[in-house]
Amino acid sequence: GAGVSQTPSNKVTEKGKYVELRCDPISGHTALYWYRQSLGQGPEFLIYFQGTGAADDSGLPNDRFFAVRPEGSVSTLKIQRTERGDSAVYLCASSLSGLGLAEQFFGPGTRLTVL
Amino acid sequence: AQSVAQPEDQVNVAEGNPLTVKCTYSVSGNPYLFWYVQYPNRGLQFLLKYITGDNLVKGSYGFEAEFNKSQTSFHLKKPSALVSDSALYFCAVRDTGDDKIIFGKGTRLHILP
């Protein structure tokens, strides 16, 4: 079946602009995670959804970052007033259940470049 | 807060030799431990996990990992390396009572033909 998909695969934007990154999880997966991966680093946790609600958003770096999952499936990560330091690969993962015990299936990521 | 350390940025192993990729962790409760692999231009893939039970966990592609509570380690191993095992490997940990998984910075594994 289809895996986790993320769009766009690449996004180049200018400092100060607003961007939206989309994640389509595997059908039936109730848990969805967003991570950010900078060069030479492991994925950094941003936010975790169980169904429609954000169960843990402690990894969001500041209030410029926001994520939604209104129908418990597709999720959008929104970044306002982008800064050059936001440049990274943004990864989405989904799993059958939450609490971090089930295997997470990762998407290919969106590479964000802020000029 | 939980943390995970992968002390080696890169590991080089000759094809056919055994390989070990090291991982140590720190948690306040009981750890849940994971290994993921990232091939070039591909997403992260799950290899194996330790939740409870037998300390030796077997996973995909012939990999295994041993949970050692006293040494707070979860090293990844394979008896005989293949060139196709060359990739970036990430260790990850989740603490009981916490939802998020914390990843190490990764270890690049080079298998030399």
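Protein chains in written order, with the numbering used here: chain A, 3 to 117; chain B, 13 to 125.
Glycine included, each C-beta is placed from N, C-alpha and C at the ideal position.
When Cβ-Cβ separations below 8 Å define contact, Asp111(B) makes contact with chain A.
At a cut-off of 8 Å, the C-beta of Leu103(A) has a neighbouring C-beta in chain B. Chain-order list of chain A residues neighbouring Leu88(B): empty, with the shortest C-beta distance near 14 Å, by a criterion of under 9 Å. Annotation note: the stretch 78 to 116 of chain B contains the following uninterrupted beta strand (DSSP E) runs of length 3 or greater, listed N- to C-terminal: 85 to 90, 99 to 107.
Residue range 7 to 9 is occupied by the beta strand (DSSP E) that includes Gln8(A). At a cut-off of 8 Å between beta carbons, Tyr51(B) makes no contact with chain A.
When CB distances to chain A are screened at a threshold of 9 Å, the residues of the stretch 53 to 68 of chain B falling below it are Asn53, Arg54, Gly55, Leu56, Gln57, Phe58, Lys61, Ile63, in chain order. Excluding its 5 nearest sequence neighbours in each direction, His122(B) has C-beta neighbours in its own chain below 6 Å: Asn24, Ser98, listed in chain order. Assignment of beta-bridge partners to Gln39(A) by DSSP yields Val91(A). If you keep only unbroken beta strand (DSSP E) runs of at least 3 residues inside the stretch 48 to 78 of chain A, you get 55 to 58, 67 to 70. In this chain, the beta strand (DSSP E) harbouring Ile123(B) covers 119 to 124. Taken in chain order, the members of the stretch 36 to 47 of chain B whose beta-carbon sits within less than 7 Å of a beta-carbon on chain A are Tyr44.
Residues are counted here when their Cβ sits less than 9 Å from a Cβ of chain B; for the stretch 53 to 66 of chain A these are Ala57, Asp58, Ser60, Gly61, given in chain order. Scanning its chain for C-beta atoms nearer than 7 Å, with the 5 sequence neighbours on each side dropped, one finds around Leu68(B) the residues Glu76, Glu78, in chain order. Assignment of beta strand (DSSP E) within the stretch 25 to 69 of chain B, counting only whole runs of 3 or more residues, yields 31 to 33, 36 to 38, 43 to 50, 56 to 62 in chain order. At least 8 Å separates the beta-carbon of Arg106(B) from that of Gln18(B). Between Tyr50(A) and chain B, the shortest Cβ-Cβ separation is below 8 Å.
Bounds of the beta strand (DSSP E) holding Leu114(A) are 112 to 116.
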